[in-house]
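Trainee: Chains as they are written, first to last, in this note's numbering: chain A, 11 to 514; chain B, 11 to 514.
All residues carry an ideal CB built from backbone N, CA and C; glycine is no exception.
A quick note: this is a predicted structure, and the numbers were derived from the prediction, not measured.
I'd like to ask you about the structure that follows.
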């Protein structure tokens, strides 16, 4: 979330114009139907709604080129507007808002590493990640934004309609007002489809949560520069491209009440294609290998058995971390480092700021192993303890790690099932795209997001792993505290495969 | 939870003998059936299972008389085994375990009182509240314990089979081993009916949670002294008596997957009695006035709008609290005070200890307003912000307050709907019993628990209140963070009315 940048494209109209204007062609929907059916229909429209994908790409490329930000690393002591506590070394924005960088002491007595210290971002404010949706000619469209974030490897990415912290929208910073914010601050005037608070990276954030919202409107909406309407089917195709759909858009998409329902998503009983098993998994009518009540009790058990003791500590008292002019880094060079950047944003209206960021030292792998159980696709989730979790552990991908951090260790110390992911035969890889974590806090934090299908008879019996259907994950996503941000991205990726032509 | 006392009755057998011994008459159930149906049948058996209520009362009275503890207030500086931090004044057990008493600074900018400070109990350990259940002659029975706790107004109360913190069962204290604990520490050997972590008093505890468990066994169980088997129907009758069923037993009962299902609980379509509306509310087939997805979004909204900033502070730096020899009390005499007690427990095996406790200065009122909507009973819940909540707010009773704390204020400042509760006509009062909060931490913390039915056309439109069915509450109780301890007690009380003869 780029609360510091406030570089939403300027509100004045100018070239390049967005590919379509919703306000002109707005047609009030005459069609009634459940939210699930509406979503299914929007998934089915993979192109040719209000916006042609070819037009989108042309606009997006032009817009990105013209509005790109220039980001360069600077010395930590060149941060402007940031205060370094003389005693603790903690970094705080001079306003006291936005976020701070502090130290954290972590003890997990029964974990593979029972004790460590690390820098952590403390951002207690609740932000809003909101997508505005509206029917055009009977098809739901999402209002998406092409948004600069300093950490993006390619400058721009496609983000939700609104991506703002409280400091953003209460304008602590000298930022401009956040477009479309009113729809999410006074949502009761509209139809709320999704509204749930979800966690973000538990390794880098201390108990951070954002409000994930989808609000449906029927009134005319002016499409501001930098915004455009896309169907969910179009977003699903963009998700198959490297570094286009940002993390905040992915988490909101994952929280949609997506059930693959409706006649357009019907699965023939004998259809044993991957897509059919995925749709059955989304629809939930076939249940899961582990009943949901049992899943809930399992989560209680893992959380109860895991002793995690975290305590804030001074950033300058971390053990095994060293500070030089440009970074606070682990003495092994592994994990991540805290850096500072200077950002020059916007081609027409120049804005400039500096901020600290977390830079992972190597790319990560985020993967679901999936398998069909009685014709229904299941994903293997891991109840993972992360120090920033508000409630001990959340369901995470089968594999979520940075392999380079393990390079010095014997193979037996590698995370479980990493080998199955990196060694998967190409025909078993159902999804394989490079996607970024949040570009407002993390610098070039690209991960390989992949979904690998394993044989139905592949067994993996481990107390911290369970096979869940997509329906069960979506059901848990109605609540906070259950599914972590990386797993939510993968849920959105799984959904994106539901509209693809069958592939066996 | 009496972790400090460890006064579970001695394991050696002696008079008075428990009213029945399960190990002798154990009959392995031949009956299969869903858990819900089993629970419904146990609800129906209001007497005459393994234990006659008349025998229970005789045994309970005798046992209580012989094993009563002697509790007297002592000066704070006479606490033994407790360390007072010389700088902060915080009180800690010398082991570093169990709990500590600290100060808390609370800011709720939009609340009726935007800022205050208070003492708070910090007990980060997760305890177990576990009830062992077993079928005898096809009827589920709960193994309950007659347990001394120093805060109980009458010494003994009926508690779960196991009520223990981690310090208890890892034996930090010089306590004895906790009977029956193995069934809850290795529950996978048995059938787990309930396993969910739930919060406790958010005004007095800082983010405390306990694990609420119900485990069904089929093997023979030795009934130790101080324990006895009761059906749920018998427990429901005991719940109608003042100060018998303790808080820990109530919260575990509330987390049962109670649906009022099964042929024994059938409701005739035209039956407009209170019990029929309650059973429809438990069964959930008729839905609720507010769909559950909407309830979840409402909770998100309340939590997102409520800004709550809490910070630990030194106990000796509280504002408006004064300390004398015997207490730390608010200077107005309202709310509660921190006191110290000396406990002499057990008639045969004498045990003695001292501990701090919280003593409320006046009794409270805990009430649900209920009404029938289309023949289905709904309870009015309040999304209440409490400083000790892990996640901002939880669903609480319609009214949860200590009226004396408001006695000096104009009537307009009274909590909403308090008048409807205290002024209810006798025929609208469906439940009215004095029950205690946890006797291991709270001294004589008795509250009036009451359920008052209002007319179907009674309206109460307030953004922080919603009408929910019992089924919806039980559904939320499969998760943590949703229903507070007082509301859970009332859910157990509502359930207790489902087996009663119809009363119009």
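Between which residues of its own chain and residue 466 of chain B is the CB-CB distance below 7 angstroms, once the five residues before and five after are set aside?
Mentor: If we look at residue 466 of chain B and ignore the five residues flanking it on each side, its Cβ neighbours are 381, 382, 383.
Trainee: Which complete alpha helix (DSSP H) runs does the region 199–273 of chain B hold, if anything under 4 residues is left out?
Mentor: Runs found: 242–249, 257–264.
Trainee: Between residue 480 of chain B and residue 416 of chain B, what straight-line distance do the alpha-carbon atoms span, to the nearest angstrom?
Mentor: When rounded, the distance between both Cα atoms is 30 angstroms.
Trainee: Within its chain, find whatever has a CB closer than 7 angstroms to the CB of residue 326 of chain B; leave out the 5 residues flanking it on each side and keep chain order.
Mentor: Within the same chain, residue 326 of chain B has close Cβ partners 98, 99.
Trainee: If you run the structure through DSSP and keep just helix, strand and coil, what is residue 378 of chain B?
Mentor: DSSP places residue 378 of chain B in strand when its eight states are reduced to three.
Trainee: Which value, in whole angstroms, describes the spacing of the CA atoms of residue 352 of chain A and residue 152 of chain A?
Mentor: Residue 352 of chain A and residue 152 of chain A: Cα-Cα distance of roughly 32 angstroms.
Trainee: Express the C-alpha separation of residue 219 of chain B and residue 122 of chain B in angstroms, rounding to a whole number.
Mentor: Looking at the two C-alpha atoms, the distance is approximately 27 angstroms.
Trainee: Tell whether a beta-carbon distance below 7 angstroms holds between residue 343 of chain A and residue 55 of chain A.
Mentor: No, the Cβ-Cβ distance between residue 343 of chain A and residue 55 of chain A is not below 7 angstroms.
Trainee: Residue 306 of chain A versus chain B: which residues are under 9 angstroms apart at the beta carbon?
Mentor: The contacting residues are 205, 206, 488, 489.
Trainee: Could you tell me whether the region 162–173 of chain A touches the region 253–261 of chain A, using the rule of 3 or more Cβ pairs below 8 angstroms?
Mentor: Yes, they touch.
Trainee: Under 7 angstroms between C-beta atoms, does residue 269 of chain B make it to chain A?
Mentor: No, its Cβ sits nowhere closer than 7 angstroms to a Cβ of chain A.
Trainee: Between the alpha carbons of residue 215 of chain B and residue 451 of chain B, how many angstroms are there, rounded?
Mentor: Distance between the alpha carbons of residue 215 of chain B and residue 451 of chain B is about 10 angstroms.
Trainee: Would the region 201–208 of chain A count as touching the region 383–400 of chain A if we require 3 or more Cβ pairs under 8 angstroms?
Mentor: The region 201–208 of chain A vs the region 383–400 of chain A: no contact.
Trainee: Does the Cβ of residue 15 of chain A have 16 or more other Cβ atoms within 10 Å, making it buried, or fewer, making it exposed?
Mentor: In this prediction, residue 15 of chain A has a pLDDT of 36, which is less than 50 and means its spatial position is unreliable; nothing more can be read from the coordinates.
Trainee: Are at least three pairs of beta-carbons, each pair with one atom in the region 143–162 of chain A and one in the region 105–118 of chain A, less than 8 angstroms apart?
Mentor: The answer is no - the region 105–118 of chain A does not touch the region 143–162 of chain A, with fewer than three Cβ pairs under 8 angstroms.
Trainee: Using a 10 Å radius around the Cβ and a threshold of 16 neighbouring Cβ atoms, would you call residue 58 of chain B buried or exposed?
Mentor: Residue 58 of chain B is exposed by the Cβ-count criterion.
Trainee: Which class does residue 354 of chain B belong to by DSSP, given the choice of helix, strand or coil?
Mentor: Here residue 354 of chain B sits in strand by DSSP.
Trainee: Taking C-alpha atoms, which residue in A:260, A:409, A:276, A:437 lies nearest to residue 504 of chain A?
Mentor: Answer by Cα proximity: A:260.
Trainee: Tell me where the beta strand (DSSP E) around residue 146 of chain A begins and ends.
Mentor: First-last of the beta strand (DSSP E) with residue 146 of chain A: 137–146.
Trainee: Note down, in chain order, every chain A residue with its Cβ under 8 angstroms from the Cβ of residue 313 of chain B.
Mentor: Near residue 313 of chain B (Cβ distances below 8 angstroms), the residues of chain A are 207.
Trainee: So that I know if they touch, is there some Cβ in chain B lying closer than 7 angstroms to that of residue 368 of chain A?
Mentor: No, because no Cβ of chain B sits closer than 7 angstroms to the Cβ of residue 368 of chain A.
Trainee: Using C-beta distances below 8 angstroms, list every residue in its chain close to residue 367 of chain B, excluding the 5 sequence neighbours before and after it, in chain order.
Mentor: The residues are 160, 161, 348, 349, 350, 351, 451, 452, 453.
Trainee: Would a C-beta distance cut-off of 7 angstroms place residue 52 of chain A and residue 228 of chain A closer than the cut-off?
Mentor: The answer is no: Cβ separation not under 7 angstroms.
Trainee: Sort A:140, A:312, A:323, A:124 by Cα distance to residue 472 of chain A and report the nearest one.
Mentor: Residue 472 of chain A has its Cα closest to that of A:312, out of A:140, A:312, A:323, A:124.
Trainee: Taking the alpha carbon of residue 278 of chain B as the reference point, which residue from B:267, B:268, B:290, B:106 has its own alpha carbon closest?
Mentor: Here the closest residue by C-alpha is B:290.
Trainee: Among the candidates B:437, B:458, B:305, whose CA atom is the shortest distance from the CA of residue 445 of chain B?
Mentor: Nearest of B:437, B:458, B:305 to residue 445 of chain B, Cα basis: B:458.
Trainee: Taking buried to mean at least 16 other C-beta atoms within 10 Å of its own C-beta, is residue 247 of chain B buried or exposed?
Mentor: Looking at its Cβ environment, which holds 16 or more other Cβ atoms inside 10 Å, residue 247 of chain B is buried.
Trainee: At the level of alpha carbons, what is the spacing between residue 286 of chain B and residue 50 of chain B?
Mentor: About 14 angstroms.
Trainee: Would you kindly work out how many angstroms separate the C-alpha atoms of residue 267 of chain A and residue 421 of chain B, rounded to a whole number?
Mentor: If you take the alpha carbons of residue 267 of chain A and residue 421 of chain B, they lie about 45 angstroms apart.
Trainee: Give the DSSP-derived three-state secondary structure of residue 152 of chain A in the structure shown.
Mentor: Strand.
Trainee: Would you report the Cα separation of residue 362 of chain A and residue 338 of chain A, rounded to the nearest angstrom?
Mentor: If you take the alpha carbons of residue 362 of chain A and residue 338 of chain A, they lie about 23 angstroms apart.
Trainee: Just the chain B side, please: which residues come within less than 9 angstroms of residue 191 of chain A by C-beta, in chain order?
Mentor: Those do not exist, as residue 191 of chain A stays about 14 angstroms from chain B at its closest Cβ, beyond 9 angstroms.
Trainee: Let me confirm a value: residue 90 of chain B is counted as buried when at least 16 other C-beta atoms fall within 10 Å, else exposed. Which label applies?
Mentor: By the neighbour-count rule (16 or more Cβ atoms within 10 Å), residue 90 of chain B is not buried but exposed.
Trainee: Is any beta-carbon of chain A found at less than 7 angstroms from that of residue 310 of chain B?
Mentor: Yes, residue 310 of chain B lies at the interface with chain A (some Cβ there is under 7 angstroms from its Cβ).
Trainee: Rounded to whole angstroms, what's the CA-CA distance from residue 433 of chain B to residue 192 of chain B? Just pull it up for me.
Mentor: Roughly 48 angstroms between the two C-alpha positions.
Trainee: My guess is that residue 412 of chain A and residue 238 of chain A are in contact by the Cβ rule of under 8 angstroms, so how many angstroms apart are they, rounded?
Mentor: With a Cβ gap of about 34 angstroms, residue 412 of chain A and residue 238 of chain A do not count as contacting.
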